[in-house]
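**Q** Each protein sequence line maps, in turn, to chains R and P.
According to our numbering, the first sequence is numbered sequentially starting from 10.
According to our numbering, the second sequence is numbered sequentially starting from 14.
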Amino acid sequence: GAVVSQHPSWVICKSGTSVKIECRSLDFQATTMFWYRQFPKQSLMLMATSNEGSKATYEQGVEKDKFLINHASLTLSTLTVTSAHPEDSSFYICSATGLRASYEQYFGPGTRLTVT
Amino acid sequence: QQQVKQSPQSLIVQKGGISIINCAYENTAFDYFPWYQQFPGKGPALLIAIRPDVSEKKEGRFTISFNKSAKQFSLHIMDSQPGDSATYFCAASIQSYQLIWGAGTKLIIKP
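If you want it as structure tokens, here you go:
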């Protein structure tokens, strides 16, 4: 099946620092990657959609200068949380879709970010 | 128009019983309806999905029933096991692109 990995699985950082989260499609070419945020006991909230080689499309209310997304290759997308604050603490999940994945979205294991 | 309404919010089923989770949608342009299973601290995993040209799809103990006229679809878990205890999300999209998510159902299977 289609496998998506994320790194790191959890990270603790101090307020004001930046954190980068990587999302990789391991066995297929991901033409589109999605970044989600999930609060405890809630559904997934789409943050942005990125196509390889293009600028990401951000959902309404998501600060694009704070959550920098780069999709430089067909197997890698990164989310950088800049100048992180405690309210950015959350579970961040990426998903990927592509030709080999039959256009279905496959999700990474998620990254738990805690900002102190 | 873009919402997907999922019920119930939580569900407790005895081991061996049938778990049923329902979803309803409004946008008739949706053409892809997946169900995801999520364990605590993990990302969602695609469980089973259906397109509106069929009324039912079965994979092992998991079955999706789809009612196009009523704009409803449901997940049935037969012979529910404690390992099925998780949160289940339904979703809908147009051409498998941006998913519109249900609110989730926390399923607990009692041994």
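Don't be surprised by glycine CBs; every beta carbon is placed ideally from N, CA and C.
Here's a check: name, in chain order, each residue in its chain whose Cβ is nearer than 6 Å to the Cβ of P:Asp116, leaving out the five neighbours to either side.
**A** Numbered from its first residue, the second sequence carries residue 116 of chain P at position 103. Going by the sequence as given, residue 116 of chain P is Ala instead of Asp. Hits under 6 Å: Gln19.
**Q** Leaving out five residues on either side along the sequence, give the residues of the same chain with a beta carbon under 8 Å from the beta carbon of R:Phe76.
**A** If you number the first sequence from 1, residue 76 of chain R lands on position 67. These residues qualify, in order along the chain: Trp44, Met56, Ala57, Tyr67, Leu88, Thr89, Val90 and Thr91.
**Q** Looking at chain R, which residues of the region 56 to 73 of chain P have a Cβ within less than 9 Å of any of its Cβ atoms?
**A** Gly56, Pro57, Ala58, Leu59 and Ala62
**Q** Following a CB-centred definition, is R:Met56 positioned closer than 8 Å to any heavy atom of the ligand MG?
**A** The ligand MG is absent from the structure shown, which contains no ligand whatsoever.
**Q** Distance, Cα to Cα, R:Ser59 vs P:Gly54?
**A** Translated into the one-based positions of the first sequence, residue 59 of chain R becomes position 50. Translated into the one-based positions of the second sequence, residue 54 of chain P becomes position 41. As the crow flies, the alpha-carbon of R:Ser59 is around 24 Å from that of P:Gly54.
**Q** Closest to R:Ile102 by C-alpha separation, out of R:Cys32, R:Ser24, R:Thr41 and R:Cys22, would be which residue?
**A** On the first sequence, position 93 is the one that residue 102 of chain R refers to. The shortest Cα separation from R:Ile102 among R:Cys32, R:Ser24, R:Thr41 and R:Cys22 belongs to R:Cys32.
**Q** I want to verify the contact list: residues of chain R whose CB lies under 9 Å from the CB of P:Gly115, in sequence order.
**A** If you number the second sequence from 1, residue 115 of chain P lands on position 102. Per Cβ cutoff of 9 Å: Ser52.
**Q** Quick check on DSSP: helix, strand or coil for R:Pro17?
**A** Counted from its first residue, the first sequence places residue 17 of chain R at position 8. Coil, per DSSP.
**Q** Just the Cα atoms here: how many angstroms apart are R:Ser27 and R:Ala65?
**A** Here residue 27 of chain R corresponds to residue number 18 of the first sequence, with the count starting at 1. Here residue 65 of chain R corresponds to residue number 56 of the first sequence, with the count starting at 1. R:Ser27 and R:Ala65: Cα-Cα distance of roughly 19 Å.
**Q** For the beta strand (DSSP E) containing P:Ile25, name the first residue and the last one.
**A** Locating residue 25 of chain P in the second sequence gives position 12, where the first residue counts as 1. P:Ile25 -> beta strand (DSSP E) spans Ser23 to Gln27.
**Q** Compute the distance between the beta-carbons of R:Pro95 and R:Thr120, then report whether it is under 9 Å.
**A** On the first sequence, position 86 is the one that residue 95 of chain R refers to. On the first sequence, position 111 is the one that residue 120 of chain R refers to. No, the Cβ-Cβ distance between R:Pro95 and R:Thr120 is not below 9 Å.
**Q** Can you list the residues of chain P that R:Leu83 reaches, using a CB-CB cut of under 8 Å?
**A** Translated into the one-based positions of the first sequence, residue 83 of chain R becomes position 74. Per Cβ cutoff of 8 Å: no residues; R:Leu83 is ~17 Å from chain P at best.
**Q** Can you check which of these residues, P:Ile121, P:Glu69, P:Ile63 and P:Trp48, is closest to R:Ser52 by C-alpha distance?
**A** Within the first sequence, residue 52 of chain R is the residue found at index 43, counting from 1. Nearest to R:Ser52 by alpha-carbon distance, out of P:Ile121, P:Glu69, P:Ile63 and P:Trp48, is P:Trp48.
**Q** State the DSSP-derived secondary structure class of P:Glu69, mapped to helix, strand or coil.
**A** Counting from one through the second sequence, the residue named residue 69 of chain P turns up at place 56. DSSP, reduced to helix, strand and coil, places P:Glu69 within a strand of the structure shown.
**Q** What residues from chain P crowd round R:Glu113, counting only those whose CB sits closer than 9 Å?
**A** Your numbering for residue 113 of chain R matches position 104 in the first sequence. Near R:Glu113 (Cβ distances below 9 Å), the residues of chain P are Tyr45, Pro47, Leu59, Ala62 and Ser109.
**Q** Quick check: the Cα distance between R:Val71 and R:Pro118, rounded to an integer number of angstroms?
**A** In the first sequence, the residue the question calls residue 71 of chain R occupies position 62. In the first sequence, the residue the question calls residue 118 of chain R occupies position 109. Approximately 22 Å between the Cα atoms of the pair.
**Q** Which residue comes first and which comes last in the beta strand (DSSP E) that contains R:Leu88?
**A** Your numbering for residue 88 of chain R matches position 79 in the first sequence. For R:Leu88, the enclosing beta strand (DSSP E) starts and ends at Leu85 to Val90.
**Q** Just mark P:Met91 as buried or exposed, buried being the case when its beta carbon has 16 or more other beta carbons within 10 Å.
**A** In the second sequence, residue 91 of chain P corresponds to position 78, counting from 1. Looking at its Cβ environment, which holds fewer than 16 other Cβ atoms inside 10 Å, P:Met91 is exposed.
**Q** Thinking C-alpha only, which one of P:Tyr45, P:Val17 and P:Leu60 is nearest P:Asp97?
**A** Taking the first residue of the second sequence as 1, we reach residue 97 of chain P at position 84. Checked all of P:Tyr45, P:Val17 and P:Leu60; the closest Cα to P:Asp97 is P:Leu60.
**Q** Is there a Cβ from chain P that is less than 9 Å from the Cβ of R:Ser99?
**A** Position 90 of the first sequence, counted from the start, is the residue given in the question as residue 99 of chain R. Answer no: the Cβ-Cβ gap between R:Ser99 and chain P never drops below 9 Å.
**Q** What in chain P is Cβ-close to R:Pro95, meaning under 7 Å?
**A** Along the first sequence, read from residue 1 onward, the residue named residue 95 of chain R stands at position 86. Per Cβ cutoff of 7 Å: no residues; R:Pro95 is ~20 Å from chain P at best.
**Q** Distance check for P:Phe43 and P:Ile25, CA to CA, integer angstroms please.
**A** Position 12 of the second sequence, counting from 1, holds the residue named residue 25 of chain P. Position 30 of the second sequence, counting from 1, holds the residue named residue 43 of chain P. Approximately 30 Å, taken between the alpha carbons.
**Q** Looking only at C-alpha atoms, which of P:Ser78, P:Ile121 and P:Pro21 sits nearest to P:Ser68?
**A** Against the second sequence, residue 68 of chain P aligns to sequence position 55. With distances taken between Cα atoms, P:Ser68 lies closest to P:Ser78.
**Q** Quick one: measure Cβ to Cβ for P:Asn35 and P:Gln85, integer angstroms, because I've assumed they're closer than 8 Å.
**A** Here residue 35 of chain P refers to the residue found at position 22 of the second sequence. Here residue 85 of chain P refers to the residue found at position 72 of the second sequence. 7 Å between Cβ atoms; contact.
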